[in-house]
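Chemist: Okay, here's the structure, questions in a sec.
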């Protein structure tokens, strides 16, 4: 159960994070959702921000995939590598596990971005975000939503997604006329993709999970 609070962010019940097949060793209640805590999904944020304990373990496990690579810092914040190989084969998939065994996979080409030729940086950051009552905040931005169709249902308080090649076609349904249209995913405007209340809905199967809106109350 996720409670409806303030109307500012989508708050979801994250349970675990896997890097490859390894589960991050975190306290059982680490991602528990409360009035002013939990995991925020925000498509308006570019990167993903994790609490310090989760972030350090995640980076350690990503580094373990390439023990011979020496990392360096770019722009005083990004952990980067010089790597000439195929990142999909050389780095692990990061999986976020939510309530009801729902999962969201983030592939290496999605969380690694190339800043220079063969120089790759990690799109996960240490959040250093807390509520006023000292609870850590996890913020998942657009980096985890890459190559996915995402739907937000405000009335039912649910969010859903499905992996999708965004340059290919998708079907959308006008809920008023019941007509189904085939359009290219990359031609949909941002507002069209999320405006479920206006009568546009994705005619696809989505993983769906409960959400609520919370006020982050950041320091």
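Residue numbers (our numbering): 7 to 225.
Idealized CB from N, CA, C, for every residue including glycine.
1. Spatial neighbours of residue 24 within its chain, please: C-beta separation below 6 Å, excluding the five flanking residues on both sides.
2. Please work out which residues of its chain come closer than 7 Å, Cβ to Cβ, to residue 148, disregarding the five sequence neighbours upstream and downstream, and give them in chain order.
3. Please report how far the alpha carbon of residue 70 lies from the alpha carbon of residue 165, in whole angstroms.
4. If you count every other CB in all the chains shown that lies within 10 Å of the CB of residue 188, and 16 or more means buried, which is it?
5. Quick one: grab the DSSP three-state call for residue 166.
6. Please state the DSSP three-state secondary structure of residue 99.
7. Helix or strand or just coil, what does DSSP make of residue 58?
8. So residue 155 and residue 55 are supposed to be a Cβ contact under 8 Å. How far apart are they, rounded?
9. Measuring CB to CB, does residue 85 end up less than 7 Å from residue 47?
10. By the three-class DSSP mapping on this structure, what secondary structure does residue 30 have?
11. Can you tell me where the alpha helix (DSSP H) with residue 158 in it begins and where it stops?
12. Quick test of the definition: if touching needs 3 or more C-beta pairs under 8 Å, does the segment 111–128 touch the segment 91–101?
13. For the beta strand (DSSP E) holding residue 87, just list the boundary residues, first then last.
14. On the CB-based measure, 16 or more other CB atoms within 10 Å of its CB, does residue 19 come out buried or exposed?
15. Residue 136 bridges to which residues according to DSSP?
16. Tell me the residue span of the alpha helix (DSSP H) that contains residue 117.
17. So the candidates are 28, 150 and 92; which of them puts its Cα closest to the Cα of residue 301?
18. When the Cα atoms are used, what is the spatial distance from residue 143 to residue 60?
19. With a CB to CB cut of under 8 Å and the five nearest residues on each side skipped, what residues in its chain are close to residue 30?
Modeler: By the coordinates alone:
1. In the chain shown, residue 24 corresponds to position 18, counting from 1. Cβ within range, chain order: 101.
2. As a first step, residue 148 must be located in the chain shown, where it is residue number 142. Counting only Cβ-Cβ distances below 7 Å, and skipping sequence neighbours, we find 49, 51 and 52.
3. In the chain shown, residue 70 corresponds to position 64, counting from 1. In the chain shown, residue 165 corresponds to position 159, counting from 1. Taking C-alpha positions only, residue 70 is separated from residue 165 by approximately 33 Å.
4. Reading the chain shown from its first residue, position 182 is the one you call residue 188. Exposed, since its Cβ has fewer than 16 Cβ neighbours within 10 Å.
5. The residue given as residue 166 occupies position 160 in the chain shown. Strand, per DSSP.
6. The residue given as residue 99 occupies position 93 in the chain shown. Of the three classes helix, strand and coil, the one that applies to residue 99 here is coil, per DSSP.
7. Reading the chain shown from its first residue, position 52 is the one you call residue 58. Residue state for residue 58 is assigned as helix, using DSSP reduced to three classes.
8. To locate residue 155, count along the chain shown from 1; it is residue 149. To locate residue 55, count along the chain shown from 1; it is residue 49. With a Cβ gap of about 23 Å, residue 155 and residue 55 do not count as contacting.
9. As a position in the chain shown, residue 85 is number 79, starting the count at 1. As a position in the chain shown, residue 47 is number 41, starting the count at 1. Using a Cβ distance threshold of 7 Å, residue 85 and residue 47 do not count as a contacting pair.
10. In the chain shown, the residue the question calls residue 30 occupies position 24. Residue 30: coil per DSSP, three-state reduction.
11. Counting from 1 along the chain shown, the entry for residue 158 is found at position 152. Unbroken run through residue 158 is the beta strand (DSSP E), 154–159; no alpha helix (DSSP H).
12. Cβ pair count under 8 Å is three or more, so yes.
13. Here residue 87 is taken as the residue at index 81 of the chain shown, counted from 1. For residue 87, the uninterrupted beta strand (DSSP E) segment begins and ends at 84–88.
14. The residue given as residue 19 occupies position 13 in the chain shown. With 16 or more Cβ atoms within 10 Å of its Cβ, residue 19 is classed as buried.
15. Looking up residue 136 in the chain shown gives position 130. Answer by DSSP bridge pairing, in chain order: 142.
16. As a first step, residue 117 is located in the chain shown; it is residue number 111 there, counting from the start. Under the DSSP assignment, residue 117 falls in the alpha helix (DSSP H) whose first and last residues are 114–117.
17. Only positions 7 to 225 of the chain appear in this structure, which leaves residue 301 out of reach.
18. Numbered from its first residue, the chain shown carries residue 143 at position 137. Numbered from its first residue, the chain shown carries residue 60 at position 54. Each residue's Cα considered, the two are about 11 Å apart.
19. Against the chain shown, residue 30 aligns to sequence position 24. Within the same chain, and ignoring the five residues on either side of residue 30 in sequence, the residues whose Cβ sits closer than 8 Å to its Cβ are 22, 23, 24, 60, 63, 64 and 67.
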